[in-house]
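**Q** Here the protein sequences line up with chains A and B, keeping their order.
Going by the UniProt record's numbering, the first sequence wraps up at 122, each residue one higher than the last.
Going by the UniProt record's numbering, the second sequence wraps up at 309, each residue one higher than the last.
Below: one structure in structure tokens.
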Amino acid sequence: MTTIIVQPSGTEIHIEPGDTVLAGLQKAGYAYTVGCRRGGCGICKIDVLEGTFSYCRPVADTVISEQERSDGTCLSCRAVPTDDVTIQLRDASLRLANPLLGQINARARERAKAASTAPEEQ
Amino acid sequence: MGIMRMGYAHVRVTDMTEAKNHYASTLGLYETLEDTSPEGNKRVFYKGWDEWDHHSVVLEEGGVGVVKYGWKVENEADIEAIEKKAQTFGLTVERMAKGENPEVGDGIRFSTTSDHVFEVYHSQTAIGTEVGTHNPDPFPRHLVGVGVPALDHSLITCEDPKLMERLLMEVFDFYATERVQTSLDDDHDLVGTWLTSNNQIHQLAVIGGPQGKLHHFAFRLDDWSEVGHAADLLTMDDVSVDVTPTRHGITRGVTTYFFDPSGNRNEVFAGGYLAFPDRPTNVWTVDQLGQGIFYHARELNERFTSVLT
Ligand code: FES
């Protein structure tokens, strides 16, 4: 399972393999400032403090510079986490826009956690 | 009459396969040419079904945003007249030779005060509309997707909209149909301006923002129901929709905004009242900008002024 931890609140979100950071957060009921959702405008940039991701589609150099490609800057609408990531939003705040999806995601996270920490069968 | 219309919008896309899917299959533009630019980038040229010239949209692989706009003049002599006016304005104008853009004739090229590249030309290979001119049907029977008939207008940003407005008025003989101002006083700042040279409510609009950026380019539809139908198709094709169908206070047009697969904003636009040079310019004060842009919501969404390519 892949978890996104959103700092500074420490909010944990469970995301499905292959989902972008944005898709994962939105499917879990969360909203923050985004624009084109297509890697073209750069509004959705966040910082990845820990963990790794890769871009699922080509992203223009004018939107994300050479340096930004290595300093943790993440175009969240195009970035797919390759393992657990800890992120921090920039000017935007994370809002739980859909509490129903939030509850479902919390349960999925608990189930995934229980499965990964279950004692090994003897 | 000088400038007749925006002849083409040439934009960049990050992935040509996805872009073709959007512009050809979802919007229904007709591909007229595929080639490689002198710089080695893949390019695709498109026309709408009700356009007669070879192309109105050019996609070029490698990045996002606008490369340039083409403006078609009525008479060959208009090119030289505009060249003179551009030079008087203080712009550096270069000559553009036939064939520099496939199927486009001689013309001029200059960079505007907004850092956008404009080309002015008189001839482009005529292909003819999809319905022809002899006893034409009102639309082609087998439209694809939205089936947009034609390119309509564009909105760009720049640091000094007042200067850009002056350029469009002095060099292109455009007039402003609508303006957004910080106040009604003489010393107001211009927040945005909507300009045209004919009866079309706007051909180019300019709002304050960074230099050289694209806000959107728009395709023309007939009415509300077509805009609604287009929005349905956009959702069916999983297009990222920016603004669902609504009306603009400014221009009175009805609209839906969406993003192409590279993040360039597109619009389908219908209506708007007839423009005339002697009609008093509509003026919006900036406190009413929300209503001016999105008449029903009466407030700007957070993306409208910040999301650009
Ligand atoms: S929302 Fe536009 S780049 Fe991500």
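The beta carbon of each residue, even a glycine, is placed where N, CA and C say it ideally should be.
None of the values given here were measured: they were computed from a predicted structure.
Consider the Cβ of residue 63 of chain A: report whether some Cβ of chain B lies at a distance smaller than 8 Å.
**A** Cβ-Cβ to chain B under 8 Å: yes for residue 63 of chain A.
**Q** Are any of the Cβ atoms in chain A nearer than 8 Å to that of residue 95 of chain B?
**A** Not closer than 8 Å to any Cβ of chain A, the Cβ of residue 95 of chain B fails to qualify, so no.
**Q** Just reading off the alpha helix (DSSP H) that residue 265 of chain B is part of, what are its end residues?
**A** Premise fails: residue 265 of chain B lies in the beta strand (DSSP E), 265-270, not in any alpha helix (DSSP H).
**Q** I'd like to know if residue 172 of chain B contacts chain A, where contact means its C-beta is closer than 8 Å to some C-beta of that chain.
**A** Closer than 8 Å: no.
**Q** Please state the DSSP three-state secondary structure of residue 24 of chain A.
**A** Residue 24 of chain A falls in the helix class under three-state DSSP.
**Q** Measure how close the beta-carbons of residue 142 of chain A and residue 75 of chain A come, nearest whole angstrom, since I'm counting them as under 8 Å.
**A** No answer is possible for residue 142 of chain A: it lies beyond the span of chain A, which begins at 1 and ends at 122.
**Q** Could you give the DSSP three-state label for residue 143 of chain B: helix, strand or coil?
**A** Of the three classes helix, strand and coil, the one that applies to residue 143 of chain B here is coil, per DSSP.
**Q** Looking at residue 370 of chain B: is its Cβ nearer than 8 Å to the Cβ of residue 161 of chain B?
**A** Lying before the first or after the last residue shown, residue 370 of chain B is absent from chain B, which here runs from 1 to 309.
**Q** Let me know if residue 103 of chain A comes out buried or exposed under the rule of 16 or more other beta-carbons within 10 Å of its beta-carbon.
**A** Looking at its Cβ environment, which holds fewer than 16 other Cβ atoms inside 10 Å, residue 103 of chain A is exposed.
**Q** By the 8 Å beta-carbon criterion, what residues does the segment 38-56 of chain A contribute toward chain E?
**A** The displayed structure is made up of protein chains A and B, and chain E is not among them.
**Q** So which residues of chain B does residue 33 of chain A contact, with C-beta pairs closer than 7 Å?
**A** Result: 302.
**Q** Starting from residue 380 of chain B and walking both ways along the alpha helix (DSSP H), at which residues does that stretch end?
**A** Outside the shown range of chain B (1 to 309) lies residue 380 of chain B, about which nothing can therefore be said.
**Q** With DSSP run on the structure shown, which of helix, strand or coil describes residue 19 of chain B?
**A** The answer is helix: DSSP assigns residue 19 of chain B an H, G or I state.
**Q** Does the beta carbon of residue 264 of chain B sit closer than 8 Å to a beta carbon anywhere in chain A?
**A** Output row for residue 264 of chain B: interface = yes.
**Q** Could you give the C-beta distance for residue 51 of chain B and residue 150 of chain B, rounded to a whole number, given that I count them as a contact under 8 Å?
**A** Rounded, the Cβ-Cβ distance is 5 Å, consistent with contact.
**Q** Tell me whether residue 298 of chain B sits in a helix, a strand or coil according to DSSP, three-state version.
**A** Coil at residue 298 of chain B, not helix or strand.
**Q** Whose Cβ in chain B lies nearer than 9 Å to the Cβ of residue 97 of chain A?
**A** In chain order: nothing, as chain B lies at least about 13 Å away.
**Q** Would you say residue 268 of chain B touches the ligand FES, meaning its beta carbon is less than 7 Å from a heavy atom?
**A** No - the ligand FES has no heavy atom lying nearer than 7 Å to the Cβ of residue 268 of chain B.
**Q** At what residues does the alpha helix (DSSP H) containing residue 171 of chain B begin and finish?
**A** First-last of the alpha helix (DSSP H) with residue 171 of chain B: 161-172.
**Q** Between the Cα of residue 261 of chain B and the Cα atoms of B:16, B:79, B:181, which residue gives the shortest distance?
**A** Nearest option by C-alpha distance: B:16.
**Q** Taking just the CA atoms, how far does residue 118 of chain A sit from residue 154 of chain B?
**A** Roughly 58 Å separates the two Cα atoms.
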